[in-house]
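Enquirer: I am attaching a structure below and will ask some questions about it afterwards.
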Amino acid sequence: MTTLLAFIGRLLIALLFIVSGANKLMDISGTDTMIRAAGLPGGLALLVGLFEVAAGLALVFGVATRLTAVILAGFCLVTAFFFHNNFTDPMQAAMLLKNLAIAGGLFALTALDNVRWSYDAMRARRRAEVAELRAEAKAHDAEVRAARAEGAAEAAHAVPVETVHGDTVVADGGTLVRKRRWL
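Under the working numbering, think of the first position of the sequence shown as 2, with each following residue one higher.
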């Protein structure tokens, strides 16, 4: 259940940035006017809109989720500082708190370990599978090397072969030994 809630939370935060970025891209001149009114250089509207859409999509698909969340949290904090710094206006204070809350949610998303249904999780699972396969192959190779070394050691310390002739056994050393009979 926690995994499902983390996924839903990630989608909802991403939706906020996708819609906000799309709105900025649909009204570039209005966004540019708002950016200039905050004392920032003009011409950033297109970049900000594209950034918000791209970062939102990265959150949806789980591509570099933690990095994207940290960057978006920083973006929210910078936005709060430049655009919502009039604390006496109740609307600006509410917008400041909204941006701080979004940044907090993004930092919480960064801290999550199980970000399932994402490219990052799929890549981590694949890395674990590959590491397990490599460990198995390494163990198999070690077993084969050990068996070969054991075989070579046995061949080096082999006892001379004995030949049986009737009731006597002739060893390679030429000594005659009487063959034992058990019955």
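Using N, Cα and C, we set each Cβ at its ideal position, and we do this for glycine too. In this text, all values refer to a predicted model and were calculated from it rather than measured experimentally.
Which residues mark the beginning and the end of the alpha helix (DSSP H) in which S30 is found?
Expert: For S30, the uninterrupted alpha helix (DSSP H) segment begins and ends at I29 to A38.
Enquirer: Counting only the same chain and skipping the five closest in sequence on each side, list residues whose C-beta sits under 6 Å from that of T111.
Expert: R67, A70 and V71
Enquirer: So N100 is in the alpha helix (DSSP H); what residue range does that whole segment cover?
Expert: Counting along the chain, the alpha helix (DSSP H) containing N100 begins and ends at P91 to A112.
Enquirer: Three or more beta-carbon pairs under 8 Å between the region 6-19 and the region 54-62, yes or no?
Expert: yes
Enquirer: Please classify L134: is it buried, with 16 or more other beta-carbons within 10 angstroms of its beta-carbon, or exposed?
Expert: A residue is called buried when at least 16 other Cβ atoms come within 10 angstroms of its Cβ; L134 does not meet this threshold and is exposed.
Enquirer: Would N86 be called buried (16 or more neighbouring beta carbons within 10 Å of its own) or exposed?
Expert: By the Cβ-count criterion, N86 is exposed, with fewer than 16 other Cβ atoms from all chains shown falling within 10 Å of its own Cβ.
Enquirer: Can you tell me whether H85 is helix, strand or coil according to DSSP?
Expert: Judged by DSSP in its simplified three-state form, H85 adopts coil rather than helix or strand.
Enquirer: Rank R127, L78, V131 and E53 by C-alpha distance to the C-alpha of L98 and give the top, closest one.
Expert: L78
Enquirer: According to the neighbour-count rule (16 or more other Cβ atoms, all chains shown, within 10 Å of its Cβ), is K139 buried or exposed?
Expert: exposed
Enquirer: With the cut-off set at 8 Å, would you say R37 and G43 are in Cβ contact?
Expert: yes
Enquirer: Entirely within the region 43-73 and at least 4 residues each: give me those alpha helix (DSSP H) ranges in chain order.
Expert: 46-62
Enquirer: Would F83 and A39 qualify as a contact pair, given that the criterion is a beta-carbon distance under 8 Å?
Expert: yes
Enquirer: Less than 8 Å between the beta carbons of A23 and V54, yes or no?
Expert: yes
Enquirer: Less than 8 Å between the beta carbons of G57 and A15, yes or no?
Expert: yes
Enquirer: Just to confirm before moving on: does the CB-CB distance between L47 and I29 stay below 8 Å?
Expert: Yes; because the gap between Cβ atoms is below 8 Å, this pair is in contact.
Enquirer: Drop a sphere of 10 angstroms on the beta-carbon of A248, count the other beta-carbons inside from all chains shown, and report buried for 16 or more, exposed for fewer.
Expert: With the chain covering only 2 through 184, there is no way to say anything about residue 248.
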